[in-house]
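Trainee: Residue numbers (this note's numbering), protein chains in the order written: chain B, 72 to 365; chain X, 17 to 313.
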């Protein structure tokens with residue numbers, strides 16, 4: 072095999088391939104490096120130098136400024152609460168339903184599966200869903216950020232398929248020892264599913280942390296805004312070229328400058344980058360599970 | 017009945033999930049009927065007046081209709097032509113890397129943007145491209161002497177949307193193809209080498225056929241959301257200066273429904289869009305099956 076890999080054209084391809092992929096990955100993270108470096112720069116340097124990754128003069132003033140009021144703290148708190156509570160709800164709803172559906176002899180199983188699959192093909196859309204949330208009295212409550220997305224049909228099917236792939240002998244043994252369905256789920260199935268729970272827990276958690284759309288639709292009260300909505304208000308809407316500034320963030324005396332915007336982006340990104348190494352260990356496995364047909 | 021009582025705990029476990037689907041998925045499906053009404057929130061569904069296809073007619077006769085259709089279609093086509101093949105190409109290139117630490121290094125970096133929110137992607141785009149001190153625009157200005165107004169230009173809107181999505185999702189998109197490629201039998205490559213097949217012949221005759229099933233399934237899924245265009249992204253990047261090319265069905269539904277309160281009219285627009293989406297999924301699934309691929313259903 073090695074003989075052919077060492078042919079001239081093969082080598083030329085290899086060299087270009089290695090260089091291209093290296094450049095591609097560097098370009099991918101370059102914007103983060105730029106934002107991160109800029110957030111520690113002085114406003115003067117940001118105006119004076121056209122483009123830089125490492126500031127000459129290190130400054131924490133942007134961070135001091137954004138943390139000088141409780142606006143950012145409060146929205147981080149909202150995002151953290153919704154992420155934790157939402158992920159617990161997601162896992163609870165997904166696992167219980169997936170476990171019940173994984174039992175092949177359950178009456179009504181096919182009907183429910185078809186209802187789930189149909190909901191992936193067709194949905195009521197934005198306005199009817201909004202009206203349901205409104206009719207339930209959930210506008211301007213954190214429920215609106217948690218319940219309408221409690222189960223992802225796609226994740227549900229993958230978890231169900233995983234449960235089905237567990238060896239049936241274990242369950243029979245547990246039954247002989249006197250376990251009922253709840254006991255089997257709690258003592259046998261869940262301990263065997265830790266990698267799956269970790270994968271989907273993290274996917275759900277990232278989804279909650281990044282969620283912008285639900286808050287845009289359902290939360291009018293700006294004291295309840297999660298971080299993503301706050302980020303948009305600060306970074307994008309303070310642009311003089313876009314929209315009306317005065318109506319948008321009156322909690323800021325002056326419109327945030329470049330370094331402040333960068334610092335806010337860093338604050339919104341860091342939590343994800345902190346869990347990323349942990350995430351990465353799991354998601355390859357999670358995606359492989361997803362390709363298992365059920 | 018004995019089966020029912022035997023499985024009573026399973027039905028207890030099933031209950032929250034079934035309620036979720038009934039309330040948050042099927043109730044809105046029923047709610048779609050308000051597109052045939054003049055829905056008034058204070059009258060509710062049962063008292064509101066039925067008007068038949070009036071809202072649909074109004075929408076098709078609205079001059080906005082053509083513009084929304086064109087923008088939705090153009091963005092979807094850009095996505096299909098430029099973004100869809102990108103993860104396949106990247107996966108094929110990554111698959112040729114034999115230094116495993118280098119491969120892991122590249123993968124680790126290119127997956128990162130997938131986990132970042134669209135708000136941050138749009139925010140970074142603003143910071144880099146604003147004419148008021150944006151880093152990339154500064155750089156362009158120092159080379160050419162002129163700044164480019166990317167953010168409020170109609171010409172730049174579609175390229176920006178596609179570049180953002182390529183930056184965010186190309187790396188992540190490779191995962192499923194790499195998983196498929198890992199399953200290819202090494203003996204096939206060895207046999208091909210014995211027959212004198214070069215690198216590109218092997219890629220063409222072994223590697224690509226090996227992932228064609230995955231490509232077909234992803235294509236069907238993509239066509240299913242052909243009309244969706246990523247609402248969040250477009251909503252974030254749209255402004256009054258580029259709205260002529262930025263308005264798509266989804267942003268129109270949001271503006272008409274949530275901002276203006278025309279619930280029935282915007283629901284009709286959403287329903288029209290969803291029906292086209294279903295036709296595209298079923299149609300493409302049918303074609304893929306006729307071409308001898310497994311398809312989705």
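For each residue, glycine too, the CB sits at the ideal point set by N, CA and C.
In this text, all values refer to a predicted model and were calculated from it rather than measured experimentally.
1) Determine the direct distance from the alpha carbon of residue 179 of chain X to that of residue 318 of chain X, and round the result to whole angstroms.
2) Could you check what DSSP says for residue 296 of chain B in three-state terms: helix, strand or coil?
3) Taking only runs that begin and end inside the region 143-180 of chain X, name each unbroken alpha helix (DSSP H) of 4 or more residues, in chain order.
4) By the DSSP assignment, the alpha helix (DSSP H) with residue 77 of chain X in it spans what residues?
5) So residue 234 of chain B contacts chain X; which residues on that side make the cut at Cβ distance below 9 Å?
6) Does residue 53 of chain X come out as helix, strand or coil in the three-state DSSP assignment?
7) What did DSSP end up calling residue 128 of chain B once you bin it into helix, strand or coil?
8) So, helix, strand or coil for residue 366 of chain B, using DSSP?
9) Taking 9 Å as the CB-CB limit, is residue 230 of chain B close to chain X?
10) Leaving out five residues before and five after residue 197 of chain B in sequence, what residues of the same chain have Cβ atoms less than 8 Å from its Cβ?
11) Could you round the C-beta distance between residue 130 of chain X and residue 185 of chain X to whole angstroms and report it? I think they count as a contact, below 8 Å.
12) In whole angstroms, give me the CA-to-CA distance for residue 181 of chain X and residue 71 of chain X.
13) I want to verify the contact list: residues of chain X whose CB lies under 8 Å from the CB of residue 252 of chain B, in sequence order.
14) Where residue 184 of chain B and residue 30 of chain X are concerned, what is the direct C-alpha to C-alpha distance, given to the nearest angstrom?
15) Provide the residue(s) that pair with residue 66 of chain X in DSSP beta bridges, ordered along the chain.
16) Determine the chain B residues that contact residue 41 of chain X at a beta-carbon separation under 7 Å, and present them in chain order.
17) Go through its chain and collect everything with a Cβ distance to residue 158 of chain B's Cβ below 7 Å, but skip five positions before and after it.
18) Can you tell which of X/32, X/24, X/19 and X/23 has the C-alpha that lies nearest to the C-alpha of residue 221 of chain B?
19) Using a 10 Å radius around the Cβ and a threshold of 16 neighbouring Cβ atoms, would you call residue 260 of chain X buried or exposed?
20) Run the CB neighbour count on residue 299 of chain X, radius 10 Å, all protein chains shown included, and call it buried at 16 or more, exposed below.
21) Tell me which residues share the same chain as residue 250 of chain X and place their Cβ nearer than 8 Å to its Cβ, disregarding the 5 neighbours each side in the sequence.
22) Do the CB positions of residue 297 of chain B and residue 282 of chain B come within less than 9 Å of each other?
23) What does residue 17 of chain B reach in chain X if we use C-beta pairs closer than 7 Å?
24) I'd like to know if the region 161-177 of chain X and the region 89-103 of chain X are in contact, where contact means that at least 3 CB-CB pairs between them fall below 8 Å.
25) Just to confirm, are residue 285 of chain X and residue 96 of chain B a CB contact at a threshold of 9 Å?
26) In its own chain, which residues sit with a C-beta less than 7 Å from the C-beta of residue 227 of chain X, not counting the 5 before and 5 after it?
27) Below 7 Å on C-beta distance, what does residue 19 of chain X contact in chain B?
28) What residues in the region 90-114 of chain B have a beta carbon less than 9 Å from any beta carbon of chain X?
29) What residue range does the alpha helix (DSSP H) around residue 183 of chain B cover?
30) Closer than 8 Å, Cβ to any Cβ of chain B: which residues of the region 141-163 of chain X, in chain order?
31) Using a Cβ cut-off of 9 Å, pull out every chain X residue sitting near residue 332 of chain B, in sequence order please.
32) Would you list, in sequence order, the uninterrupted alpha helix (DSSP H) runs of no fewer than 4 residues that lie entirely inside the region 211-266 of chain B?
33) State yes or no: is the beta carbon of residue 109 of chain X nearer than 9 Å to at least one beta carbon in chain B?
34) Report all residues from its chain with a CB closer than 8 Å to the CB of residue 349 of chain B; omit the five preceding and five following residues, and keep chain order.
35) From which residue to which residue does the alpha helix (DSSP H) around residue 153 of chain B run?
36) Hey, could you find the ends of the alpha helix (DSSP H) residue 85 of chain B is sitting in?
Mentor: Result, derived from the coordinates:
1) Summary: the structure shown does not reach residue 318 of chain X, with chain X confined to residues 17 through 313, and so no result is reported for it.
2) coil
3) 151-160
4) 70-77
5) Simply none; closest approach about 12 Å.
6) strand
7) coil
8) Nothing about residue 366 of chain B can be read from this structure; chain B reaches only from 72 to 365.
9) no
10) 288
11) 6 Å
12) 33 Å
13) 23, 25, 26 and 29
14) 12 Å
15) X/53
16) 190 and 194
17) 272, 275, 276 and 279
18) X/32
19) exposed
20) exposed
21) 91, 177, 262, 264, 266 and 267
22) yes
23) Past the boundaries of the shown model lies residue 17 of chain B; chain B is included only from 72 to 365, so the question cannot be answered.
24) yes
25) no
26) 193, 196 and 197
27) 178
28) 91, 92, 93, 95, 96, 97, 98, 99, 100, 102, 103, 105, 106 and 109
29) 180-192
30) 142, 143, 144, 146, 147, 148, 149, 151, 152, 154, 155, 157 and 158
31) 139, 142 and 143
32) 214-217, 224-235 and 239-247
33) yes
34) 273
35) 142-172
36) 79-110
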